[in-house]
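Beneath this line is the structure, given in structure tokens, with notes to follow.
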Amino acid sequence: MAKTVNLKIDGISVSVEQGTTVLGAAKQINIHIPTLCYHEDLCVAGNCRVCVVEQEGAKNLVASCAMPASEGMIIHTNTHKVRNARRHVVELLLSEHNADCTKCYKNTKCELQNLASEMVITEPMFIDLVPFKEYKIDKQSPSIIKDNSKCIRCQRCVRTCHELQHVSALGVAYKGDHMKISTFFENPMYDVVCTNCGQCVNRCPTGALVEKNYIDQVWEAIYDPNKHVIVQTAPATRIALGEDLGMESGSIVTGKMAASLRRLGFDSVLDTDFTADLTIMEEGTELLTRLKKALVDKDTSIKLPMFTSCSPGWIKFIEHLYPEYLDNLSTCKSPQQMFGALAKTYYAQKKGIDPASIVSVSIMPCTAKKFEAARPEMRDSGFQDVDLGLTTRELAVMIKQAGIEFESLADEKFDSIMGESTGAAVIFGATGGVMEAALRTAYELITGREVPFKNLNITAVRGMEGVREASVKLENVLPAWSFLEGVELKTAVAHGLTNAHQIMEAIKKGEAHYHFVEVMGCPGGCIGGGGQPIPTTPEIRKKRAEAIYREDEGMKLRKSHENPEVIQIYKEFLGEPLGHKSHELLHTHYVPRKRV
Amino acid sequence: MPDKRLKRVDLIFSDECVYKDVLTKALKKSSEEIIKDILDSGLRGRGGAGFPTGMKWKFTAQEAEPEKYVVCNADEGEPGTFKDREILTRVPHKVFGGMAICGKAIGAKHGYVYLRGEYRFLKADIENALEKFHNTLKEIGFDFQIHLLMGAGAYICGEESALFESMEGHRGEPRNKPPYPTIAGFRKKPTVINNVETLVYAFMICNIGSKQFYDLGTADSRGSKVFSVSGDTPIPGIYELELGMSLETFVEEFGDGDTKAVQVGGASGFCVPRKKFKDTIIGFEGVPTGGSMMIFNSSRSMYNVLKNYVEFFEEESCGQCTPCRVGCQQLKLGIEAVKKGEKSAAYLDTLRKLADTMKISAKCGLGQSVANSFSSIVDNFKEEMIY
Chain C
13 MAKTVNLKID
23 GISVSVEQGT
33 TVLGAAKQIN
43 IHIPTLCYHE
53 DLCVAGNCRV
63 CVVEQEGAKN
73 LVASCAMPAS
83 EGMIIHTNTH
93 KVRNARRHVV
103 ELLLSEHNAD
113 CTKCYKNTKC
123 ELQNLASEMV
133 ITEPMFIDLV
143 PFKEYKIDKQ
153 SPSIIKDNSK
163 CIRCQRCVRT
173 CHELQHVSAL
183 GVAYKGDHMK
193 ISTFFENPMY
203 DVVCTNCGQC
213 VNRCPTGALV
223 EKNYIDQVWE
233 AIYDPNKHVI
243 VQTAPATRIA
253 LGEDLGMESG
263 SIVTGKMAAS
273 LRRLGFDSVL
283 DTDFTADLTI
293 MEEGTELLTR
303 LKKALVDKDT
313 SIKLPMFTSC
323 SPGWIKFIEH
333 LYPEYLDNLS
343 TCKSPQQMFG
353 ALAKTYYAQK
363 KGIDPASIVS
373 VSIMPCTAKK
383 FEAARPEMRD
393 SGFQDVDLGL
403 TTRELAVMIK
413 QAGIEFESLA
423 DEKFDSIMGE
433 STGAAVIFGA
443 TGGVMEAALR
453 TAYELITGRE
463 VPFKNLNITA
473 VRGMEGVREA
483 SVKLENVLPA
493 WSFLEGVELK
503 TAVAHGLTNA
513 HQIMEAIKKG
523 EAHYHFVEVM
533 GCPGGCIGGG
543 GQPIPTTPEI
553 RKKRAEAIYR
563 EDEGMKLRKS
573 HENPEVIQIY
583 KEFLGEPLGH
593 KSHELLHTHY
603 VPRKRV
Chain F
135 MPDKRLKRVD
145 LIFSDECVYK
155 DVLTKALKKS
165 SEEIIKDILD
175 SGLRGRGGAG
185 FPTGMKWKFT
195 AQEAEPEKYV
205 VCNADEGEPG
215 TFKDREILTR
225 VPHKVFGGMA
235 ICGKAIGAKH
245 GYVYLRGEYR
255 FLKADIENAL
265 EKFHNTLKEI
275 GFDFQIHLLM
285 GAGAYICGEE
295 SALFESMEGH
305 RGEPRNKPPY
315 PTIAGFRKKP
325 TVINNVETLV
335 YAFMICNIGS
345 KQFYDLGTAD
355 SRGSKVFSVS
365 GDTPIPGIYE
375 LELGMSLETF
385 VEEFGDGDTK
395 AVQVGGASGF
405 CVPRKKFKDT
415 IIGFEGVPTG
425 GSMMIFNSSR
435 SMYNVLKNYV
445 EFFEEESCGQ
455 CTPCRVGCQQ
465 LKLGIEAVKK
475 GEKSAAYLDT
485 LRKLADTMKI
495 SAKCGLGQSV
505 ANSFSSIVDN
515 FKEEMIY
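Protein chains in written order, with this note's numbering: chain C, 13 to 608; chain F, 135 to 521.
Below is the structure:
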């Protein structure tokens, strides 16, 4: 057992595990200490100084987030000295912050604003520094807007980009009064190594880093009588949206979400889960084809392991940092983009709608999806396949704007076609989900039997461990797949780009030998996506993941190949997985990008 | 308070000792014996903060981790300080000797000299001296290697934990403490980091013995110290003086007869006005200094002096923590606004309180010490700030 230390905070005795910070100890006895630069996902910076407290015997105040609790320590969190110092710190931050709150996207959702409100700051104590500086808002990225005038230099974004994502697109530049959060050579976010994952956006306490929102464009389309506006919703949105609308984390709101989208005025409410199932058909077949070419035909041009390609943050990461592995990426488009390509072809045909009049909107847990939708490769329907990509947060804003009382909505179903899905598609939202869905289908395809796991739950690929490995032995396979007899299918799962980096380095060094690797750009997978409700913490990710698996267990169909609409689309439109039409609409290619 | 007479000392720059013999003798001692000598001498860090050197060595020696380091802080950036440059120019071998002795005391095999970027011109000479030193060590048969690393011109990198970050190739930003360097310093390993002058004194103590050093100075400030004297003085330069003299005695010797104030300890130190010279002891019991002594005569505007300091801090703050980054900007703009009449004189009190907050809430010594010069100048020369 870990050693415990005893301390006293505001007169209350508390015992904590050694290594716990004063902040952590205070939390255990329900004493709230305000913080700004602290974030549970990140290493401690101790730089905002909002969380200072008084330690008896110490000359100076101590930052409670960075100070380890020690035996006999006596802490006061609410003294005159502490209050004064905190007030000064918040006043200082406000003086360098462009506090134009009513014109800010983060208005009422800003941590600095909350602190200022708590302290009832009505008359600024210090001189406004903003007019002394030149700020240029970086709006060039289709995903992220960076406004330095709102930045309070807490470096959460820098730590996120470096620690969680191993990208370091954001860093600290200059010193003193010129110190700022910047990019390589201060290039726009669009033109640096940024993967658009939006993890920085999810952790920015103010409006300095926000998603580029397309809310007004969606309203415009909805109000345009000449447009047929369809919407698709990603797997991870249905277990997180409720958080932004007053519900507990882990609430499943699939039916309410469908109902609210209909109330917003979308002409057709459809589901990305449909194309998630389709992805499994295409990607599974691609994997088996690669295995055959590699194992039977001994084709050395075939690259293994095959990497999943659903996560646009991961795609851009590999394009920037491991371009030599682009041929290892599955050529499958992400479910969002498969959906987009089919919406303006298959869907339009079936419904008899001119694809030019379709506005295709997606609701994603992701900011990178905005960039993905804008990629020049994603126009195989003859139009931009997905017109507007919104985050879960933006949808919540729209629901509030429309005056919909979300919690009281009765559940509704998705429209058809392209609204049907299975449990295998839902779990795409959690790390390991694509792997599990693929194994459920591929194993059955090869052996004619269900995967040998209780309730189809492949728990080895689930969980929050950064990198997980699992292997499945293929025995008694069907005659068509005899070359796979006895093969141990080796897979790995990674989430968060730091873990992706780790797995890529292992592969590069020849230390890891896999057939199939799933990578999700964000910690926890899409449930922890950059477009998900704020805050996202380890505990919240856990609750969202649990909800995803609950949703899966509750589905009637839990294997992608059993999705009736998937069977139908192959029969009516696509022919077969990896067929000609599939290649045209559902597969893509990637481009190497510069490393900085 | 006792007023030591001004006494010139010549421990550091005199070269009466046979270098190799001193080193051989010292390195034959056990770790405990060396640490005891340093503790007995009463030597305190000469960089300004004055932490007992022997304690630092002792704490580091106690760590079980086999990989340890000795780092010489030669990032001499405090305005008005130029004594380390002189030491490294004239007696670099004694600095290296101090490092080797420390290495023996704590069990380190590697030492690093972190040299201020602006001192690049010393690099070749130091490298030559290092080569000779390594040969001497080889002759003695002691395994210790000293490496030279260059800073790049940031004042903050003189702060020990920012210095480690810089050495490790990162941006020079101070770390959270604890852990302290004696537990987790360079490469997160136990590290002794000492100022150039401290290491020379450690070497000299091994030559003259702790007693002779201890007998100099006062109870709180043992030994002598190298001062960098500048400003309105007919005799600017480097002087090694016994600690414990009053500022009055100091000004009698170095002033031009019209001294109005002395800034003791550089921009991060305290400004002492003429009326307080008599009662101010230079040393840890009075006003400590890393060596910088800037003398101002009556022709100087203390507003300009202060503005220069806050501008310096505004620029040299690493920008990491709020009190320092924003506080410095506010102090500068604030005194400007008061001077111009845009803010009332009472705004100086607001700024004084802000400075007090910076002192107790900034992350590192830089931000904490801005208040020293700010408050001492504002308090003592208020009318100059207002009119």
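Glycine is no exception: its CB is placed at the ideal position from the N, C-alpha and C atoms.
Environment of residue i [buried if 16+ CB atoms lie within 10 Å]
i, result
"Tyr334 (chain C)", "buried"
"Asp349 (chain F)", "exposed"
"Glu261 (chain F)", "exposed"
"Arg556 (chain C)", "buried"
"Gly587 (chain C)", "exposed"
"Val17 (chain C)", "buried"
"Gly258 (chain C)", "exposed"
"Met135 (chain F)", "Any reading at Met135 (chain F) must be qualified, since the residue scores a pLDDT of 45, below 50, and its modelled position is unreliable; no value is offered."
"Ala288 (chain C)", "buried"
"Gly181 (chain F)", "buried"
"Glu517 (chain F)", "exposed"
"Lys118 (chain C)", "buried"
"His109 (chain C)", "buried"
"Arg139 (chain F)", "exposed"
Enclosing alpha helix (DSSP H) for residue i [first to last residue]
i, result
"Lys516 (chain F)", "516 to 520"
"Lys583 (chain C)", "Run containing Lys583 (chain C): none; DSSP gives neither H nor E here."
"Met269 (chain C)", "266 to 276"
"Cys212 (chain C)", "211 to 215"
"Leu381 (chain F)", "381 to 388"
"Arg553 (chain C)", "550 to 565"
"Pro407 (chain F)", "Note, Pro407 (chain F): premise wrong, no alpha helix (DSSP H); beta strand (DSSP E) at 404 to 407."
Integer Cβ distance of residue i from residue j, believed to fall under 8 Å
i, j, result
"Tyr373 (chain F)", "Arg142 (chain F)", "7 Å"
"Gln349 (chain C)", "Asp397 (chain C)", "6 Å"
"Ala97 (chain C)", "Thr332 (chain F)", "Contact doesn't hold; Cβ gap of about 33 Å is too wide."
"Ala271 (chain C)", "Glu432 (chain C)", "At roughly 18 Å, the Cβ-Cβ gap does not stay under 8 Å, so Ala271 (chain C) and Glu432 (chain C) are not in contact."
"Gln463 (chain F)", "Leu141 (chain C)", "6 Å"
"Ile45 (chain C)", "Cys63 (chain C)", "5 Å"
"Ile330 (chain F)", "Lys190 (chain F)", "Going by the sequence as given, residue 330 (chain F) is Val instead of Ile. Not really, about 15 Å apart at Cβ, beyond 8 Å."
Given residue i as reference, the closest of the options once Cα atoms are compared
i, options, result
"Leu597 (chain C)", "C:Arg391, C:Gln514, C:Glu417, C:Lys502", "C:Arg391"
"Phe495 (chain C)", "C:Tyr186, C:Leu307, C:Glu146", "C:Leu307"
"Glu450 (chain F)", "F:Gly287, F:Glu419, F:Asn506", "F:Gly287"
"Gly176 (chain F)", "F:Gln464, F:Asn310, F:Gly351", "F:Gly351"
"Ile280 (chain F)", "F:Asp174, F:Asn207, F:Phe147, F:Leu381", "F:Asn207"
"Gly478 (chain C)", "C:Leu451, C:Thr453, C:Gly508, C:Ile86", "C:Gly508"
"Leu407 (chain C)", "C:Leu48, C:Phe383, C:Val373, C:Ser420", "C:Val373"
Continuous beta strand (DSSP E) stretch holding residue i: start and end
i, result
"Val463 (chain C)", "Element bounds for Val463 (chain C): n/a, residue is neither H nor E."
"Lys283 (chain C)", "Sequence inspection shows Asp at residue 283 (chain C); the Lys mentioned does not correspond to that position. Where Asp283 (chain C) is concerned, the enclosing beta strand (DSSP E) stretches over 280 to 283."
"Thr403 (chain C)", "400 to 403"
"His281 (chain F)", "279 to 284"
"Leu4 (chain C)", "Nothing in the structure corresponds to residue 4 (chain C), since chain C is present only between 13 and 608."
"Tyr248 (chain F)", "244 to 249"
"Arg178 (chain F)", "From DSSP, Arg178 (chain F) is part of no beta strand (DSSP E); its letter is neither H nor E."
"Phe395 (chain C)", "Premise fails: Phe395 (chain C) is in no beta strand (DSSP E) and is neither H nor E."
"Thr187 (chain F)", "Looking at the DSSP string, Thr187 (chain F) is not in any beta strand (DSSP E); the run it does join, the alpha helix (DSSP H), is 187 to 196."
"Arg480 (chain C)", "479 to 485"
"Tyr203 (chain F)", "203 to 208"
Check: Do the segment 209 to 222 of chain F and the segment 353 to 367 of chain F make contact, defined as three or more Cβ pairs closer than 8 Å?
Finding: The segment 209 to 222 of chain F, when compared against the segment 353 to 367 of chain F, does touch it at the 8 Å Cβ threshold.
Check: Any chance the segment 444 to 461 of chain F sits against the segment 382 to 392 of chain F, with 3 or more Cβ pairs inside 8 Å?
Finding: no
Next item on the list: Say whether the segment 434 to 442 of chain F touches the segment 248 to 255 of chain F, bearing in mind that this needs 3 or more beta-carbon pairs closer than 8 Å, one atom from each stretch.
Entry: no
Next item on the list: Report yes or no: do three or more beta-carbon pairs, one from the segment 220 to 227 of chain C and one from the segment 159 to 166 of chain C, lie closer than 8 Å?
Entry: yes
Item checked: Inter-stretch contact (C-beta, 8 Å, three-pair minimum) for the segment 320 to 327 of chain C and the segment 523 to 531 of chain C -> yes
Notebook entry, point to check: Contact between the segment 285 to 301 of chain F and the segment 481 to 491 of chain F: three or more CB pairs below 8 Å?
Noted result: no
Check: Would you call the segment 261 to 269 of chain C and the segment 545 to 563 of chain C in contact, with 3 or more CB pairs under 8 Å?
Finding: yes
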